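Input: a single structure, listed below in structure tokens.
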Amino acid sequence: MAKDSKLILDPLADNNPITIQVLGICSALAITAELEASIVMSISVLFVLGVGNVVISLMRNIIPSKIRIIVQLIVVATLVIIVDLILKAFAYELSKTLSVFVGLIITNCIIMGRFEAFALGNGPWRSFLDGIGNALGYGIILVIVGFFRELLGSGTLLGFPVLGDPIEKTGLYSFGYENNGFMLLSPMALIVVGIIIWVQRTRNKDLIED
Amino acid sequence: MEHIELFFKSIFIDNMVFATFLGMCSYLAVSKKVSTAVGLGAAVIFVLAITVPLNWLLDQYILQPGALSWLGEEYAAYDLSFLSFIMFIATIATMVQLVEIVVEKFSPSLYNSLGIFLPLIAVNCAILGGSLFMQSREIPTLGLSAVYGVGSGIGWFLAILAIAAIREKIRYSSVPPALRGLGITFIITGLMAIGFMSFGGMLTGGDEDAKSDEKTAATEVIKEDVKSDTEVKTNLDVAENLNK
């Protein structure tokens with residue numbers, strides 16, 4: 001039982017898919033200008049990785065190893081099409097913001113990486129936990145990056161103006177505070193992730209590379 | 211002229227790595243040595259140059275709404291665009307397998323040094339991203355789609371070459387221990403991306419008026435249905451990205 005909980009808890013911090021395993025960076029950076037988009041992206045990856053890991057783990061004994069990548073791609077692509085159609089049906093504006101990045105979940109390295117490294121060698125239940133754990137670890141970083149970029153870049157969280165109104169000069173803006181529009185530009189995502197890695201490795205010296 | 215413009219635009223302004231963050235995984239993993247970076251970069255150019263035009267044909271004659279009308283009147287109503295992810299990725303996986311066989315046959319040393327990363331080109335977001343952007347930007351002709359593929363490939367190649375060269379040199383600098391390796395690579399990439407943003411003005415010479423007209427039109431549409439000014443700002447950013 002302790003081993004099972006480790007599967008979920010490990011990827012949240014010391015074996016985080018983004019900051020330690022270096023998987024799935026692309027989408028983590030491109031869509032984090034708003035917190036809402038980050039959360040939706042995390043949920044989509046949670047669904048695809050959780051279900052995908054179970055499916056691959058159930059099929060692990062019948063997939064010939066030579067064509068396993070193509071089989072994995074087809075499984076992911078099917079799941080992603082489901083996510084894409086659901087988003088288009090129920091959250092059309094958001095699916096436009098995410099644009100091609102929903103499709104790019106297919107090539108999100110986290111998914112292929114976990115299929116290869118875990119689901120091909122473990123049973124369905126453990127693979128499910130591993131999928132959920134890694135997707136949550138990915139989601140945490142996305143939410144942290146999205147939180148800081150939206151708060152500092154446009155002064156809102158999930159669209160609510162938490163820092164006051166920049167036009168009426170209420171709240172924090174009455175003291176002369178200005179939004180840093182630079183946070184909304186793509187390069188800042190890289191720098192925010194770089195800083196997260198810095199903080200994490202300062203706290204846990206074992207993770208430092210030579 | 212159109213071709214040259216798209217070529218430079220896809221290399222510099224819409225650079226795969228710095229503007230859209232595609233292919234970051236292999237970009238970070240294979241950029242420790244310049245020689246392997248060159249090999250992978252060349253493979254990416256090659257695969258993109260083949261798969262983008264192929265997927266353009268697929269999109270144009272099979273997947274788009276009404277694309278099947280060449281089969282006859284009764285097929286004109288079909289819309290298979292929901293299949294595009296699966297079709298694109300299947301094309302890419304097949305092409306990568308082909309490239310792997312060719313490289314293994316003609317350059318075993320390159321094959322050995324690329325190791326596990328050659329099959330992983332299939333899951334390199336840059337490749338699928340190239341095809342998906344080709345579809346969402348509605349590139350009009352086969353020639354332009356080939357130019358787009360080659361241009362984005364060269365842009366990716368330049369990016370990985372630059373970061374590999376920097377990482378070889380940075381070994382001699384005293385980076386804070388916790389930033390060593392991954393952390394500093396992220397921050398350098400961020401700084402390079404800021405540098406690449408300055409290419410944004412490269413192709414606006416002459417038609418600025420037309421472009422700013424488009425932008426104001428886009429803002430007006432957006433302004434109608436959003437309430438607070440901050441929301442307009444974020445949407446403006448999205449609109450600008452779309453205009454690109």
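Here the protein sequences come in this chain order: Z and V. Per this note's numbering, residue 1 is the first one in the first sequence, and the count goes up by one each step. Per this note's numbering, residue 211 is the first one in the second sequence, and the count goes up by one each step. From the three backbone atoms N, C-alpha and C, an ideal C-beta is built for every residue, glycine too. Computed from a prediction, not measured in an experiment: that's the story for all the values here.
Item                                                                                                                                                                                   : Value
Check the Cβ-Cβ distances between residue 275 of chain V and every residue of chain Z, and say whether any is below 9 Å.                                                               : no
CB-CB under 8 Å to residue 297 of chain V, same chain, minus the five flanking residues each way: which ones, in chain order?                                                          : 265, 268, 272, 273
Less than 7 Å between C-beta atoms, sequence neighbours within five positions excluded: which residues of the same chain meet that for residue 142 of chain Z?                         : 28, 32, 38, 41, 42
Our contact map puts residue 45 of chain Z next to residue 105 of chain Z with C-beta atoms below 8 Å; I'd like the distance itself, whole angstroms only.                             : 6 Å
Examine the Cβ distances between the stretch 131-145 of chain Z and the stretch 106-115 of chain Z and report whether three or more of them are shorter than 8 Å.                      : yes
Start and end of the alpha helix (DSSP H) containing residue 391 of chain V?                                                                                                           : Where residue 391 of chain V is concerned, there is no enclosing alpha helix (DSSP H), given that its DSSP letter is neither H nor E.
Which class does residue 157 of chain Z belong to by DSSP, given the choice of helix, strand or coil?                                                                                  : strand
Anything in the stretch 338-363 of chain V with a Cβ closer than 7 Å to a Cβ of chain Z? List those residues in chain order, please.                                                   : 338, 339, 342, 343, 346
By the 10 Å Cβ neighbour count, where 16 or more other Cβ atoms means buried, how is residue 167 of chain Z classified, buried or exposed?                                             : exposed
Quick check on residue 187 of chain Z: does DSSP put it in helix, strand or coil?                                                                                                      : helix
Just to confirm my understanding: we take residue 364 of chain V, look at its own chain, exclude 5 residues before and 5 after, and list those with CB closer than 7 Å. What are they? : 221, 255
DSSP state of residue 34 of chain Z, grouped into three classes?                                                                                                                       : coil
Any beta carbon from chain C within less than 9 Å of residue 258 of chain V's own beta carbon?                                                                                         : Here the protein chains are Z and V, and chain C is not one of them.
Who are the neighbours of residue 399 of chain V on chain Z, taking C-beta pairs under 7 Å?                                                                                            : 190
So is residue 382 of chain V buried or exposed if we call it buried at 16+ other beta carbons inside 10 Å?                                                                             : exposed
So, for residue 309 of chain V: in the same chain, excluding its five sequence neighbours on each side, which residues have a beta-carbon less than 7 Å away from its beta-carbon?     : 253, 256, 257
Do residue 49 of chain Z and residue 114 of chain Z have their C-beta atoms closer together than 9 Å?                                                                                  : yes
Along the stretch 212-244 of chain V, what residues have a CB closer than 9 Å to any CB found in chain Z?                                                                              : 228, 229, 230, 231, 232, 233, 234, 235, 236, 237, 238, 239
Which residues, in chain order, does the stretch 377-393 of chain V contribute to contact with chain Z at a C-beta distance below 7 Å?                                                 : 387, 388, 389, 390, 391, 392, 393
Need the endpoints of the alpha helix (DSSP H) that residue 88 of chain Z sits in, please.                                                                                             : 68-90
Quick one, which residues of the stretch 288-315 of chain V are near chain Z if we go by CB-CB under 7 Å, in chain order?                                                              : 292, 295, 296, 299, 303
Between the stretch 193-206 of chain Z and chain V, which residues of the former have CB atoms less than 7 Å from a CB of the latter, in chain order?                                  : 193, 194, 197, 198, 201, 202
Going by beta carbon distance, what residues of the same chain come within less than 8 Å of residue 469 of chain V, once the five residues before and after it are set aside?          : Residue 469 of chain V cannot be examined here, being either before or after the span of chain V that is shown, 211 to 454.
Roughly how many whole angstroms lie between the Cα atoms of residue 463 of chain V and residue 232 of chain V?                                                                        : Nothing about residue 463 of chain V can be read from this structure; chain V reaches only from 211 to 454.
Taking C-beta to C-beta, are residue 234 of chain V and residue 362 of chain V nearer than 9 Å?                                                                                        : no
In three-state DSSP terms, what is residue 348 of chain V?                                                                                                                             : coil
So is residue 403 of chain V in contact with chain Z if we call contact Cβ pairs under 9 Å?                                                                                            : yes
Would you mind telling me which residues of chain V sit closer than 7 Å to residue 107 of chain Z, beta carbon to beta carbon, in chain order?                                         : 333, 334, 335, 338
Does the beta-carbon distance from residue 196 of chain Z to residue 19 of chain Z come in below 9 Å?                                                                                  : yes
How would you write the range of the alpha helix (DSSP H) that residue 310 of chain V sits in, first residue to last?                                                                  : 294-316
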